[in-house]
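Below is one structure, written out as structure tokens, with a few remarks after it.
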Amino acid sequence: MKDGDKPQCVRSVKRKTSDIESSCVSMKSDGSIEPPPTFKDADQQTVRRSQQSSAVTEPISKKMKYDESVNQPQDINESMYPAVSHEDLNKLRSNLKKKFLYLYEGTTKQGNQTLLNEIYTELYITESESGEISNEHEVRQIETQSRRTATEDTAIKCSEIFTALPGEDKPIRTVLTKGVAGIGKTVSVHKFILDWAEGQENQDVQLIFPLPFRELNLMKDRTLSLSDLLHVFFPETKEIEKSSDEYKVLFIFDGLDECRLSLDFQSDVRLCDVSESASVDVLLKNLIVGNLLPSALIWITSRPAAADLIPSECVHRVTEVRGFSDPQKEEYFRKRIRDHSLADSIISHLKSSRSLYIMCHIPVFCWISSTVLEKMLSQAESGEIPKTLTQMYTHFLMAQINIKDMKYNKKDTDKEMVFKLGKLAYEQLEKGNVIFYEEDLRECGIDVTEASVYSGLCTQIFREEFGLNQVKVFCFVHLSVQEHLAALYVHLSCTNNNINVFEPVRKRGLLTRLKDWFLSKQVSLSELHQSAVDKALQSKNGHLDLLLRFLLGLSVKSNQGLLQGLMKQTRGSSESNEETVEYIKKKIRSCRSPKKSINLFHCLNELGDHSLVEEIQQYLNSGTLAEAKLTSVQWSGLVYFLLTLEQMSDVFELNKFIGRENASDKDVRKLLPVIKESRSAHLGGCNITAKGCAALASVLKSNPSNLRELDLSGNKILDLGMKHLSDGLKDSHCKLEKLKLRDCGVTGEGCAALASALRSNPEHLRELDLSGNKLRDSEVKLLSDLKDDPDYKLSELYY
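Okay, here's the thing in structure tokens:
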């Protein structure tokens, strides 16, 4: 075939970043989707569509009926889909139903086999502003989400992610769903597919193809067509997808963060023919941007850190899975624990520990907690009930080891195997990997079959290719389990092998190790802990925060007792822990990052030191906090206390903590993390100046920006302060609705800056109070014109 004979859509073109949008499925002026040209001749396409227009526009309820014996849709008019019989369609549904009928909590092959519909608890899913990247440690993100109120967020049901919200009239082709590890993204996908396969939801979709990135990775070296790719994953669809442009098709790509394919959206290869061969990454790219099967729906899930791998132009909706709300947590435990009295006891215990209850936003942590507490709170076992994260995860680890011992009778290998798994966890954590392959295990001295015995700790996904040729992918059941094992490896390296893994390798050369051996120099736990604290504080995104909490918690007596079988000797004493506590308090004094300070307080909690928080609580209970002269450590303790309250108030009033006459810009800066999480901040008459306004502007620009009402009345913010605030108000993240600036010394210059900010971001501010300021008529008119303009939300203006 000559070049001129090639189909027009299969070509190579050099493309710039700005060209990406043109290759994505575009929108017409009326809001409908305008797909790129398909691979068939335009005249043929016109004839085909005219012949079938009545069938395509018919509602699905008219096209399908159900055979009650199998609960599967049956094709009434087979002439609609000449290449496919209803048996082919039903076979796909039936196979997907079998695959997703059960939920295997924790592992894919073992664990409690539970009907998904019996235990599934609807997750809290909301529409998100963007798919932008988040490098922050996921536990930090969970703790932030746990403080958000749901008052203004519209919840989206999992089954309705392709349905526009009330008042919206936009077609949705591609949905990106983001959420931290273990938050429930994959289970939501399974529930969506199961409901469809059982004929319950989304029956306007005829075909669903779930293609997890974890399994697509195993195809990265293959060259094949989209049809061939579907044959590999879904052999029963050999005939179906040949005419898949006749159907409403949904492709689900789960786990973008696990993708090891090179998704190059600036690739110069453009494919429109489902039978044209290319590498898998090129196929996926063309499918996502809409060159291949432009009418197909696309659903992609990802952890936040990888969410920006898909260009925003190619995504029509971004949703965020926030896990369980507080009522949903209780619903889950009552579904999972059939003994209602025991379920109530578990819920009550978890509520008694704020750090544990916050983590219950993650469904996987709920499973871990119920696994541990179901036994410990029953009459079958006794002992200290876990009150910290380290205690919970250590109990979980030992429970899984005991299950393995009973099943395989290999207790003598526990110490060696757990150490190897810990080494794998630590080294992969350092590299930022949450999935790994056989070569990664071999590098840590782990035999693949040996690792499968510890299936409560590692989960395997098998993809069978070329008959008996199997490829295995490994991961820990959750990132937090990987971090706990990594911390255990660090701890055991010290107690068993006298090694501080945080020391640079060059410091521990052969001569150093020989010298340490001859002198029997022992690495103390306090030295190890101080190294760990320093390294965690150096991390920009806090990726070692949870490892540090676990490491410190492992030195506590209760956890040492649990780990006796894994250690050559018990190491740890109250004296060394006291040294660590003092070192942490020293670091809190000098730490300028509120987030890092908060994690250090979590570390103190793991070590059982609550002295600073108790001091703050006494001040608050006695009402003497306003008169007290707090130290820098106590200020950090106040922030930690307020952010970890079970019911954090939506309204922040500065004068409750510091008397009005004593308040200043410094106090605003110290309490900025609390203001950032509040919906309403009352800072009237608190001696705030332009410096304080500059700090508040950072709150208005934060993502997400929670503040909806700000009262600065009676402060001398003047025009300079107004310019700082305007800088925050014009930011696209700012959602402020009410701004009170009575008697703030604002004049024309500040008023002009405010008007300019509102023109830049007109969608939110609806109430503005500038009474008591010296404004001239011409300056007031700037704002009055905005109030009268229907394009602006401003509806109440006082001057």
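Numbered per my numbering, the sequence shown finishes at 817, counting up by one with no gaps. The beta carbon of each residue, even a glycine, is placed where N, CA and C say it ideally should be.
Just to confirm, is the Cβ distance from residue 669 to residue 569 under 7 Å? Along the sequence shown, read from residue 1 onward, the residue named residue 669 stands at position 651. Along the sequence shown, read from residue 1 onward, the residue named residue 569 stands at position 551. For residue 669 and residue 569, no; Cβs fall outside 7 Å.
If distances are taken between C-alpha atoms only, which option among 657, 447 and 709 comes closest to residue 691? For the purposes of this step, residue 691 is taken as the residue at position 673 of the sequence shown. Checked all of 657, 447 and 709; the closest Cα to residue 691 is 657.
Pair within 7 Å by beta-carbon distance, residue 521 and residue 571: What you label residue 521 is simply residue 503 of the sequence shown in a count that begins at 1. What you label residue 571 is simply residue 553 of the sequence shown in a count that begins at 1. No, these two residues do not count as a Cβ contact at 7 Å.
Distance, residue 218 Cα to residue 730 Cα: Residue numbering aside, residue 730 sits at position 712 when the sequence shown is read from its first letter. Residue numbering aside, residue 218 sits at position 200 when the sequence shown is read from its first letter. Each residue's Cα considered, the two are about 53 Å apart.
Pull the bridge partners of residue 335 from the DSSP assignment, please. Along the sequence shown, one-based indexing puts residue 335 at 317. DSSP lists 193 as partners of residue 335.
Leaving out the 5 sequence neighbours to the left and right, which residues in its chain are closer than 8 Å to residue 612 when beta-carbon positions are compared? As a working note, residue 612 is residue 594 in the sequence shown. Answer for residue 612: 654, 657, 690 and 691, listed in chain order.
Using the rule of at least 16 other Cβ atoms within 10 Å of the residue's Cβ for burial, across every protein chain shown, is residue 482 buried or exposed? In the sequence shown, counting from the first residue as 1, residue 482 sits at position 464. At residue 482, the pLDDT of 35 sits below 50, so the modelled position is not reliable; the number obtained from the coordinates is stated separately. Residue 482 is exposed by the Cβ-count criterion.
Which same chain residues, not among the five before or five after residue 363, have their C-beta less than 7 Å away from its C-beta? Your numbering for residue 363 matches position 345 in the sequence shown. These residues qualify, in order along the chain: 395.
Is the segment 497-515 close to the segment 433-441, with three or more CB pairs under 8 Å? yes
Return the chain-ordered list of same chain residues with a C-beta closer than 8 Å to the C-beta of residue 716, the five sequence neighbours on each side being excluded. Residue numbering aside, residue 716 sits at position 698 when the sequence shown is read from its first letter. Same-chain partners within the cutoff: 690 and 746.
Run through DSSP, which three-state label would residue 493 get? The sequence position of residue 493 within the sequence shown is 475, counting from 1. Residue 493: strand per DSSP, three-state reduction.
Count the other CB atoms within 10 Å of the CB of residue 583; is the residue buried (16 or more) or exposed (fewer)? Taking the first residue of the sequence shown as position 1, residue 583 is located at position 565. The residue is exposed, with fewer than 16 neighbouring Cβ atoms inside 10 Å.
Short of 7 Å in beta carbon distance, which residues of its chain neighbour residue 742, apart from the five on each side in sequence? Order them along the chain. Within the sequence shown, the letter at position 724 stands for residue 742. Closer than 7 Å at Cβ, skipping near neighbours: 708, 711, 712 and 715.
Can you tell me where the alpha helix (DSSP H) with residue 207 in it begins and where it stops? The residue given as residue 207 occupies position 189 in the sequence shown. Counting along the chain, the alpha helix (DSSP H) containing residue 207 begins and ends at 203-215.
Minimum C-alpha distance to residue 804 - residue among 770, 794, 281 and 791: Locating residue 804 in the sequence shown gives position 786, counting from the first residue. Nearest C-alpha to residue 804: 770.
Going by beta carbon distance, what residues of the same chain come within less than 7 Å of residue 800, once the five residues before and after it are set aside? Taking the sequence shown and counting its residues from 1, one reaches residue 800 at position 782. Once the five neighbours on either side are set aside, the close Cβ partners of residue 800 are 769, 770 and 773.
Is DSSP giving residue 288 helix, strand or coil here? In the sequence shown, the residue the question calls residue 288 occupies position 270. Looking at residue 288 - three-state DSSP - the assignment turns out to be strand.
Beta-carbon spacing of residue 763, residue 736 below 7 Å: Position 745 of the sequence shown holds residue 763. Position 718 of the sequence shown holds residue 736. Yes; because the gap between Cβ atoms is below 7 Å, this pair is in contact.
Short of 6 Å in beta carbon distance, which residues of its chain neighbour residue 241, apart from the five on each side in sequence? Order them along the chain. As a first step, residue 241 is located in the sequence shown; it is residue number 223 there, counting from the start. Counting only Cβ-Cβ distances below 6 Å, and skipping sequence neighbours, we find 295 and 297.
Answer yes or no: do residue 732 and residue 685 have a C-beta to C-beta separation smaller than 7 Å? For the purposes of this step, residue 732 is taken as the residue at position 714 of the sequence shown. For the purposes of this step, residue 685 is taken as the residue at position 667 of the sequence shown. No.
Helix, strand or coil for residue 758, going by three-state DSSP, please let me know. Here the question's residue 758 lines up with position 740 in the sequence shown. Residue state, collapsed to three classes: strand.
Three-state secondary structure (DSSP) of residue 800: Residue 800 sits at position 782 when you count from the first residue of the sequence shown. In the structure shown, residue 800 sits in a helix (DSSP, three-state: H, G or I).
Are the beta-carbon atoms belonging to residue 699 and residue 728 less than 7 Å from one another? Residue numbering aside, residue 699 sits at position 681 when the sequence shown is read from its first letter. Residue numbering aside, residue 728 sits at position 710 when the sequence shown is read from its first letter. A contact, by the Cβ cut-off of 7 Å.
Between the CA atoms of residue 500 and residue 276 - distance to the nearest angstrom: For the purposes of this step, residue 276 is taken as the residue at position 258 of the sequence shown. For the purposes of this step, residue 500 is taken as the residue at position 482 of the sequence shown. Looking at the two C-alpha atoms, the distance is approximately 15 Å.
In whole angstroms, what separates the C-alpha of residue 266 from that of residue 316? Indexing the sequence shown from 1 puts residue 266 at position 248. Indexing the sequence shown from 1 puts residue 316 at position 298. Approximately 11 Å, taken between the alpha carbons.
At what residues does the beta strand (DSSP E) containing residue 225 begin and finish? The residue you call residue 225 lines up with position 207 of the sequence shown. It spans 225-228 - the beta strand (DSSP E) in which residue 225 sits, taken as one unbroken run.
Whole-number beta carbon distance between residue 598 and residue 547, since they are thought to touch under 8 Å: Position 529 of the sequence shown, counted from the start, is the residue given in the question as residue 547. Position 580 of the sequence shown, counted from the start, is the residue given in the question as residue 598. Correct: roughly 4 Å between the Cβ atoms.
Would you say residue 137 and residue 354 are within 7 Å of each other, going by their C-beta atoms? Walking along the sequence shown from the start, residue 137 turns up at place 119. Walking along the sequence shown from the start, residue 354 turns up at place 336. It is a contact, given that the beta carbons lie within the stated cut-off.
Sufficient close CB pairs (3 or more, under 8 Å) joining the segment 406-415 to the segment 372-381: yes
Using the DSSP secondary-structure output, state which residues sit across from residue 785 in a beta bridge. For the purposes of this step, residue 785 is taken as residue 767 along the sequence shown, with counting starting at 1. Its beta-bridge partners are 756 and 814.
Is it true that the CB of residue 793 sits closer than 7 Å to the CB of residue 810? Against the sequence shown, residue 810 aligns to sequence position 792. Against the sequence shown, residue 793 aligns to sequence position 775. For residue 810 and residue 793, no; Cβs fall outside 7 Å.
Nearest residue (CA-CA) to residue 361, options 286, 279 and 392: In the sequence shown, residue 361 corresponds to position 343, counting from 1. Checking every option, the nearest Cα to that of residue 361 belongs to 392.
From 580, 133 and 739, pick the residue whose C-alpha is nearest to that of residue 418; which is it? Here residue 418 refers to the residue found at position 400 of the sequence shown. The residue with the shortest Cα to Cα distance from residue 418 is 580.
May I ask you to report which of helix, strand or coil DSSP gives residue 574? Position 556 of the sequence shown, counted from the first residue, corresponds to residue 574. Note: residue 574 maps to coil in three-state DSSP.
Checking 7 Å against the spacing of the C-beta atoms, do residue 643 and residue 675 come in under that value? In the sequence shown, residue 643 corresponds to position 625, counting from 1. In the sequence shown, residue 675 corresponds to position 657, counting from 1. For residue 643 and residue 675, yes; Cβs fall inside 7 Å.
Please name the residue in 766, 719 and 784 whose C-alpha comes closest to that of residue 827. For residue 827 there is no data in the structure shown, the boundaries of the chain being 19 and 817.
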